[in-house]
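Numbering (the working numbering), first residue to last: 2 to 315. Here the structure comes first, spelled out in structure tokens, and everything after it is commentary.
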């Protein structure tokens with residue numbers, strides 16, 4: 002995900018050494034995508050639905066729909082100013098936070114049309130929102146987690162969050178999880194009461210997160226670790242050294258593996274059985290990642306494209 006700064010004025014990047022185990026390190030030149038989707042602009046955040054993969058594009062003000070069968074960009078939808086922060090899918094829709102409009106855009110996934118825009122700005126350009134069975138959960142620029150009823154397109158609950166809370170996920174049991182980058186916490190919200198029921202210290206500066214394998218996984222930007230939290234106990238059960246400190250990146254779970262992306266090391270693969278990095282590919286590309294349709298989908302922001310890579314080939 003894009004650091005916010007003026008063009009030509011990049012801050013010095015924190016060194017990203019990657020993993021120390023040379024046996025799992027590979028060059029990105031070894032990765033052969035099944036398809037490359039050209040997306041002019043800055044293709045960034047991804048979400049996967051039953052028949053499509055969607056990618057947001059901040060400078061273009063769009064969300065594009067990619068067809069995994071034809072390997073073509075099937076539609077590009079204008080959504081508003083500066084779609085930023087993670088996008089999500091639910092209730093027949095794609096939900097895209099807008100930094101420029103300080104709002105949340107809702108797209109109809111059948112018609113590829115913008116349905117409505119809700120007047121709630123995202124907590125951060127580097128964050129995310131999530132869908133449960135009956136709600137959208139969205140960290141806002143007011144320091145709260147709002148619960149949106151998709152039938153009404155209205156906020157029905159607002160939950161105060163610890164400072165610096167930016168990204169949300171929903172686990173299989175319906176719990177809502179939010180990272181506080183500022184406080185290095187993972188917060189658990191009970192959707193029955195709309196209250197915080199646990200605050201779990203994790204690694205340094207967690208931001209992006211995913212759920213799977215009975216766990217919540219946080220990508221900790223301070224030291225570049227991945228923290229695994231057991232959903233049943235709210236306890237940290239593993240801290241995985243990935244060597245990926247610094248801003249940006251993303252994390253996803255798919256089919257027994259956790260996938261992480263960051264500039265310099267576009268793909269890191271973690272086996273959830275062993276809590277070990279089993280592959281790390283280094284070189285150009287990456288910064289947003291999702292997995293589905295048997296493939297890893299990698300947004301290459303600087304290369305203006307999205308790669309579709311067979312998961313089994315990595």
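The beta-carbon is built from N, C-alpha and C at its ideal position, and this holds for glycine as well.
Per DSSP, what are the beta-bridge partners of residue i in this structure?
i: residue 97; result: 106
i: residue 68; result: 73
i: residue 209; result: 220
i: residue 283; result: 28
i: residue 186; result: 181, 202
i: residue 229; result: 218, 239
i: residue 300; result: 289, 307
i: residue 57; result: 64
i: residue 19; result: Answer is none; residue 19 lacks a bridge partner.
i: residue 91; result: 94
i: residue 38; result: 307
Determine the burial state of residue i: buried for a count of at least 16 other Cβ atoms within 10 Å of its Cβ, exposed for fewer.
i: residue 316; result: No answer is possible for residue 316: it lies beyond the span of the chain, which begins at 2 and ends at 315.
i: residue 1; result: Residue 1 lies beyond the range of the chain shown here (2 to 315); nothing can be said about it.
i: residue 21; result: exposed
i: residue 53; result: buried
i: residue 198; result: exposed
i: residue 202; result: exposed
i: residue 31; result: exposed
i: residue 221; result: buried
i: residue 200; result: exposed
i: residue 236; result: exposed
Can you tell me the Cβ-Cβ gap for residue i and residue j, rounded? I've got them flagged as a contact below 8 Å.
i: residue 64; j: residue 40; result: Not really, about 10 Å apart at Cβ, beyond 8 Å.
i: residue 309; j: residue 44; result: That pair is no contact at about 12 Å.
i: residue 260; j: residue 210; result: In fact, because the Cβ distance is near 13 Å, the residues do not count as touching under 8 Å.
i: residue 289; j: residue 251; result: 5 Å
i: residue 162; j: residue 144; result: 6 Å
i: residue 166; j: residue 140; result: 5 Å
i: residue 276; j: residue 208; result: Not confirmed; about 20 Å, so no contact.
i: residue 204; j: residue 254; result: Their Cβ separation, rounded to whole angstroms, is 17 Å, which puts residue 204 and residue 254 out of contact at 8 Å.
Looking only at its own chain, which residues have a Cβ that is under 6 Å from the Cβ of residue i, when we skip the five neighbours before and after it?
i: residue 60; result: 42, 43
i: residue 112; result: none
i: residue 92; result: 151
i: residue 183; result: 164, 165
i: residue 97; result: 57, 64, 80, 84, 88, 106
i: residue 132; result: 89, 91
Less than 7 Å between C-beta atoms, sequence neighbours within five positions excluded: which residues of the same chain meet that for residue i?
i: residue 1; result: As shown, the chain starts at 2 and ends at 315. That puts residue 1 outside it, with no answer to give.
i: residue 295; result: 311, 312
i: residue 120; result: 104
i: residue 37; result: 306, 308
Once the 5 residues before and after residue i are set aside, which same chain residues still bring their CB inside 8 Å of it?
i: residue 215; result: 231, 232, 233
i: residue 274; result: 257
i: residue 99; result: 80, 81, 82, 83, 84, 85, 105, 106, 118, 122, 123
i: residue 62; result: 79, 80, 81, 82, 83, 84, 101
i: residue 49; result: 55, 90, 291, 292, 293, 294, 298
Is the Cβ of residue i closer than 9 Å to any Cβ of chain C?
i: residue 65; result: Looking at the structure shown, chain C is missing, and only one protein chain is on hand.
Got a sec: does the ligand NAP put a non-hydrogen atom nearer than 8 Å to the Cβ of residue i?
i: residue 210; result: The ligand content of the structure shown is nil, which means the ligand NAP is not present either.
Handout entry: Completely contained beta strand (DSSP E) runs for the segment 233-273, where each covers 3 or more residues
Key = 236-242, 251-255, 258-263, 265-272
Handout entry: Inside the segment 107-184 only - beta strand (DSSP E) runs reaching at least 3 residues
Key = 114-119, 137-140, 145-150, 155-161, 166-171, 177-181
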